[in-house]
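With our numbering, letter number 84 in the sequence shown gets 73, and the count goes up by one each step, no holes. One structure below.
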Amino acid sequence: MRMMTRLGAAALAAFVLAPAAQAQTNRFDGRWSVEVVTEQGACDRAYRYSVIVENGRARYGGPEQFNVNGRVQPNGSVSASISRGQDRANVTGRLAGNAGRGTWNTSGGRTCSGYWNAEKRG
């Protein structure tokens, strides 16, 4: 149960700031604080993660190992997935300026869903 919530949260965090289309500095580079909130399912209620984005790529600072596949479009649109073992979280949303918001849901195990908020910190 906790694993799925962490997967969902990491998905947000990682996806929110996942690979951008270009390998150059983009407007979404920097430090982000990502809050993940569960609205449905038996996952933990909320998490907050620090994510660093460099050259459009996200780096998750936690000890867990996740496979991240995602993109932030030039218009800020976010679409991504993150997986660990058979667990998978799908994330969608949008970044605009120094903030972002979207939704997430898990598959491949315990089913949970909710929303995420991101705030650029630097």
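Think of the CB as a built atom: it goes at the ideal place given N, C-alpha and C, for glycine as much as any other residue.
Label residue i either buried or exposed according to how many other C-beta atoms from any shown protein chain fall within 10 Å of its C-beta, with 16 as the threshold for buried.
| i | result |
| --- | --- |
| Ala107 | buried |
| Gly103 | buried |
| Asn79 | buried |
| Ala85 | exposed |
| Arg20 | exposed |
| Thr100 | exposed |
| Ala9 | Caution is warranted here: a pLDDT of 41 is assigned to Ala9, below 50, making its placement in the model unreliable, and no coordinate value can be reported. |
Under three-state DSSP, which class holds residue i?
| i | result |
| --- | --- |
| Thr100 | coil |
| Gln62 | coil |
| Arg90 | strand |
| Gly45 | coil |
| Gln29 | strand |
| Arg73 | strand |
| Ala9 | Residue placement at Ala9 cannot be trusted, given a pLDDT of 41 that sits under 50; what the coordinates show is reported in the next sentence. Looking at Ala9 - three-state DSSP - the assignment turns out to be strand. |
Could you name the residues that DSSP lists as bridge partners for residue i?
| i | result |
| --- | --- |
| Glu24 | Arg37 and Asn106 |
| Gly82 | Val67 and Gly91 |
Going by C-alpha distance, which of the options is nearest residue i?
| i | options | result |
| --- | --- | --- |
| Val42 | Tyr36, Arg60 and Gly30 | Arg60 |
| Val67 | Trp105, Ser39 and Asp33 | Trp105 |
Checking 7 Å against the spacing of the C-beta atoms, do residue i and residue j come in under that value?
| i | j | result |
| --- | --- | --- |
| Gly82 | Arg90 | yes |
| Val40 | Ala31 | no |
| Val26 | Ala35 | yes |
| Asp76 | Gly98 | yes |
| Asn94 | Lys109 | no |
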